[in-house]
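These notes concern the structure reproduced below.
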Amino acid sequence: MSDLAKTPSKDPGPTTDAPASAAPVPAVDPRLLVREEGLAGYLTEFKRKLRGGELGSLPVVIGLIVIAIIFQMKNDHFLDASSLANIAVFTSGLGIMAVGIVFVLLLGEIDLSVGSVAGMGAAVWAVLSVTHGLNDWLSVLIAVASGMVIGAVHGFFFAKIGVPAFVVTLAGFLGWSGLQIWLMGGEGSINTPEGSVVEDLTGHFFAEKGAAYGLAAVAIIAYAGSLLLDAKRRKTAGLPSRPVSEIVLRTVVVAVLAGGAAYELNEPSGARGLPLALVLFLAVLVIADFVARRTTFGRQVFAVGGNAEAARRAGINVDRIRITVFAISGMLAAFGGLFIASLSGGATKSLGGGNTLMMVIAAAVIGGTSLFGGRGKVWSALLGMLVIQSIQQGLNLLGMASEIQYMITGAVLLAAVVIDSVSRRTQKSAGRA
Amino acid sequence: MIHVSATPVLALRGVSKRFGAVQALTDVDLEIHTGEVVALVGDNGAGKSTLVKTISGVHPIDDGTIEWEGRSVRIGRPHDAQNLGVATVYQDLALCDNLDVVANLFLGSELKSASVLDEIKMEKRARELLDTLSIRIPSVRIPVAALSGGQRQVVAIARALVGDPKVVILDEPTAALGVEQTAQVLDLVERLRERGHGVILISHNMADVKAVADKVAVLRLGRNNGTFSVADTSNEEIIAAITGATDNAVTRRKARTATAPKEDAK
Numbered sequence: 001m002s003d004l005a006k007t008p009s010k011d012p013g014p015t016t017d018a019p020a021s022a023a024p025v026p027a028v029d030p031r032l033l034v035r036e037e038g039l040a041g042y043l044t045e046f047k048r049k050l051r052g053g054e055l056g057s058l059p060v061v062i063g064l065i066v067i068a069i070i071f072q073m074k075n076d077h078f079l080d081a082s083s084l085a086n087i088a089v090f091t092s093g094l095g096i097m098a099v100g101i102v103f104v105l106l107l108g109e110i111d112l113s114v115g116s117v118a119g120m121g122a123a124v125w126a127v128l129s130v131t132h133g134l135n136d137w138l139s140v141l142i143a144v145a146s147g148m149v150i151g152a153v154h155g156f157f158f159a160k161i162g163v164p165a166f167v168v169t170l171a172g173f174l175g176w177s178g179l180q181i182w183l184m185g186g187e188g189s190i191n192t193p194e195g196s197v198v199e200d201l202t203g204h205f206f207a208e209k210g211a212a213y214g215l216a217a218v219a220i221i222a223y224a225g226s227l228l229l230d231a232k233r234r235k236t237a238g239l240p241s242r243p244v245s246e247i248v249l250r251t252v253v254v255a256v257l258a259g260g261a262a263y264e265l266n267e268p269s270g271a272r273g274l275p276l277a278l279v280l281f282l283a284v285l286v287i288a289d290f291v292a293r294r295t296t297f298g299r300q301v302f303a304v305g306g307n308a309e310a311a312r313r314a315g316i317n318v319d320r321i322r323i324t325v326f327a328i329s330g331m332l333a334a335f336g337g338l339f340i341a342s343l344s345g346g347a348t349k350s351l352g353g354g355n356t357l358m359m360v361i362a363a364a365v366i367g368g369t370s371l372f373g374g375r376g377k378v379w380s381a382l383l384g385m386l387v388i389q390s391i392q393q394g395l396n397l398l399g400m401a402s403e404i405q406y407m408i409t410g411a412v413l414l415a416a417v418v419i420d421s422v423s424r425r426t427q428k429s430a431g432r433a
Numbered sequence: 001m002i003h004v005s006a007t008p009v010l011a012l013r014g015v016s017k018r019f020g021a022v023q024a025l026t027d028v029d030l031e032i033h034t035g036e037v038v039a040l041v042g043d044n045g046a047g048k049s050t051l052v053k054t055i056s057g058v059h060p061i062d063d064g065t066i067e068w069e070g071r072s073v074r075i076g077r078p079h080d081a082q083n084l085g086v087a088t089v090y091q092d093l094a095l096c097d098n099l100d101v102v103a104n105l106f107l108g109s110e111l112k113s114a115s116v117l118d119e120i121k122m123e124k125r126a127r128e129l130l131d132t133l134s135i136r137i138p139s140v141r142i143p144v145a146a147l148s149g150g151q152r153q154v155v156a157i158a159r160a161l162v163g164d165p166k167v168v169i170l171d172e173p174t175a176a177l178g179v180e181q182t183a184q185v186l187d188l189v190e191r192l193r194e195r196g197h198g199v200i201l202i203s204h205n206m207a208d209v210k211a212v213a214d215k216v217a218v219l220r221l222g223r224n225n226g227t228f229s230v231a232d233t234s235n236e237e238i239i240a241a242i243t244g245a246t247d248n249a250v251t252r253r254k255a256r257t258a259t260a261p262k263e264d265a266k
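Line by line, the protein sequences give chains R and X.
One point on numbering: in UniProt numbering, the residue at position 104 of the first sequence is 104, and numbering is uninterrupted.
One point on numbering: in UniProt numbering, the residue at position 24 of the second sequence is 24, and numbering is uninterrupted.
Now the structure itself:
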């Protein structure tokens, strides 16, 4: 065997310079990215990632803090309980749609039809349940299923026929809103009946204080538990694991956020408790995140988004992945449409129109999912939606006109895409993209 | 040094392949034994890539037979080749830049426990595999985008070994690499031989071929143009076979004027 492989090469690698000329061949390649143990190692790793342009969720978190400070200074009702609960409720419907968009963006594609599919889903539910008197639950199920079928149809035209996703979903954008208006027929809107499932989606609050606190506690315990379990398993397998200090730090951050949110939902006067909408949104996020990161399907979505040809050669059924992802997007769009119907008091002919589509796509991108495919997190749907909704809420409180809101949201979206592009360029020059 | 088994693990007999009006391969024979590195050389358009694609199932053969461990098999799609134990590392590597090394190594054959990805088992296996091949990369958890060209090449080769194939096909593994990185890849090819894999190495670089190959199979215009043992063949002889330098007006005249015209296969 040759010693060549053991000598560090002299080309400028992505890591630090190597003292290659030193006489003895080092036992450990000096270029290896060995993380120091403990918190110090965590910090250096974090700094190295920042320098390499791997910003992750940092810009959006900073953005959220800045937004909160600015609006709180302008209007001290911004961080009030009712205001925060409003943000939580308004976030959920569009946020669920944004989760579907995150999957599509991970493929490196776009789905322009989500707004129309949302409107159509709401129309299907309203016509079946209210006009034809079908069972409420069954109607909801059929509405969501119809969204899934529509998404699968988009995926079929994209994957099997080879029509660009942009065009397929643009056709869908027109076509499905046409179907929506046709379904609604003569009526301009169908109001949500009292006590229906859809009304509860955003109208129901768990007033008992135990609900919010309990959910926060479960989240904290589950988070810390999974981190500890993972670290323990890695240790027994002899692999490098997260230092305990990092686990503690992460848990503390999650605990402060979850506990703070639960407190805000429960304690202040006028607080209504834990909104069902938030619970459903979080459930969708947790399930989608699990699917994306821990299942073969999720891994294959990332692979197809990164290099479709490589994925195909690795034996992945690329067409199946693409169709499934568009079906997920359609399904979540229809589900989100029911939330919007719930908020606005019923299905209308224009539901899902206007800026719904832009808000959903903007949320996913602002949250940090790359438009270029293969990079992103499901949680970016939540972060991005929080940014957009906070801005809207804040501007509403300030009594700003909607045209101003549009302009500001547009500027924020542009800023997010600029950050995405610039950080990608930095990653490229740092050899990380 | 080389333990050549009696039956070749993979043998092509009289393989032909036609694309429309182009006869890409004509009656090509090729044998690969376990623990043997066979270099496949030839000029551009000689049919090297087509031959490799017939083995890896991308293009099914029109004529001839493919024998796997002595019995005749049909390779109609890439899946068939993979099931037999043929792994191909293409020139463009086919790695997903956005995924880390572990994810790339197990792409398409992820390890799972109860239908959830078993990252720990995969990372452990990845480390073991890279260690046995003496592959050095900064970390198994950084995206492939962060690796150098040579590191990507060895990761791509390592990935071909995850399914423990009997035959590994390397398509120009050193084409885009520097001196040092080429040496690393050649080391790796030698380790593949030590581990008992049969290796088909496509290369344009005579130095590489001489360094690691046991046999050189020359293709010229879609036909066999000689198989040489590397140990007792000079570069010139191989290059002559590649370019067809021995086949020109002068040699043909010589053959005609000779009293006993002998067809020289070389």
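For each residue, glycine too, the CB sits at the ideal point set by N, CA and C.
Look at residue i and residue j and say whether their C-beta atoms are less than 8 Å apart.
i: residue 36/X; j: residue 166/X; result: no
i: residue 24/X; j: residue 57/X; result: no
i: residue 226/R; j: residue 235/R; result: no
i: residue 172/X; j: residue 142/X; result: no
i: residue 113/X; j: residue 163/X; result: no
i: residue 198/X; j: residue 59/X; result: no
i: residue 259/R; j: residue 216/R; result: yes
i: residue 105/R; j: residue 324/R; result: no
i: residue 99/R; j: residue 378/R; result: yes
Could you give the distance in angstroms between the alpha-carbon of residue i and the alpha-carbon of residue j?
i: residue 208/R; j: residue 82/R; result: 16 Å
i: residue 202/R; j: residue 191/R; result: 15 Å
i: residue 255/X; j: residue 209/X; result: 31 Å
i: residue 297/R; j: residue 291/R; result: 7 Å
i: residue 103/X; j: residue 91/R; result: 33 Å
i: residue 140/X; j: residue 284/R; result: 31 Å
i: residue 85/R; j: residue 112/R; result: 29 Å
i: residue 206/X; j: residue 240/X; result: 12 Å
i: residue 88/X; j: residue 170/R; result: 40 Å
i: residue 311/R; j: residue 91/X; result: 15 Å
i: residue 403/R; j: residue 75/R; result: 20 Å
Could you list which residues in chain B have their beta carbon closer than 9 Å to that of residue i, in chain order?
i: residue 315/R; result: No chain B is present in this structure, whose protein chains are R and X.
DSSP three-state label for residue i, please.
i: residue 17/X; result: strand
i: residue 220/X; result: strand
i: residue 35/X; result: coil
i: residue 146/X; result: helix
i: residue 53/X; result: helix
i: residue 198/X; result: strand
i: residue 96/R; result: helix
i: residue 137/R; result: helix
i: residue 254/X; result: helix
i: residue 379/R; result: coil
i: residue 24/X; result: strand
i: residue 188/X; result: helix
i: residue 83/X; result: helix
i: residue 356/R; result: helix
i: residue 7/X; result: coil
i: residue 349/R; result: coil
i: residue 228/R; result: helix
i: residue 249/X; result: helix
i: residue 88/X; result: strand
i: residue 226/X; result: strand
For the alpha helix (DSSP H) that residue i lies in, which residues bound it at each end?
i: residue 409/R; result: 402–429
i: residue 200/R; result: 197–203
i: residue 116/R; result: 114–126
i: residue 104/X; result: 101–105
Which first and last residues belong to the beta strand (DSSP E) in which residue i is found?
i: residue 171/X; result: 167–171
i: residue 205/X; result: Neither: residue 205/X is in no beta strand (DSSP E) and is coded neither H nor E.
i: residue 272/R; result: Residue 272/R -> no beta strand (DSSP E), and no H or E assigned at all.
i: residue 71/X; result: 71–73
In the stretch 93–127 of chain X, which residues sit with their C-beta less than 9 Å from some C-beta in chain R, listed in chain order?
Against chain R - using a Cβ distance shorter than 9 Å - the residues of the stretch 93–127 of chain X are 93, 94, 95, 96, 97, 98, 99, 103, 104, 106, 107, 108, 109, 110, 112, 115, 116, 117, 119, 120, 121, 123, 124, 127.
Note down, in chain order, all residues in the stretch 287–318 of chain R with a beta-carbon under 9 Å from any beta-carbon belonging to chain X.
Taking 9 Å as the cut-off between beta carbons, the residues of the stretch 287–318 of chain R near chain X are 290, 293, 294, 295, 296, 298, 299, 300, 302, 303, 304, 305, 306, 307, 309, 310, 311, 312, 313, 314, 315, 316, in sequence order.
Against chain X, which members of the stretch 215–234 of chain R pass a CB distance test of less than 9 Å?
Taking 9 Å as the Cβ-Cβ cut-off against chain X, the residues of the stretch 215–234 of chain R that qualify are 230, 233, 234.
Where the stretch 356–374 of chain R meets chain X: residues whose CB sits under 7 Å from a CB there
Those residues of the stretch 356–374 of chain R that come within reach of chain X (Cβ to Cβ, closer than 7 Å) are 374.
Which residues of the stretch 233–248 of chain R have a Cβ closer than 8 Å to any Cβ of chain X? Give them in chain order.
Under the 8 Å Cβ criterion, the stretch 233–248 of chain R contributes 233, 234, 237, 238, 239.
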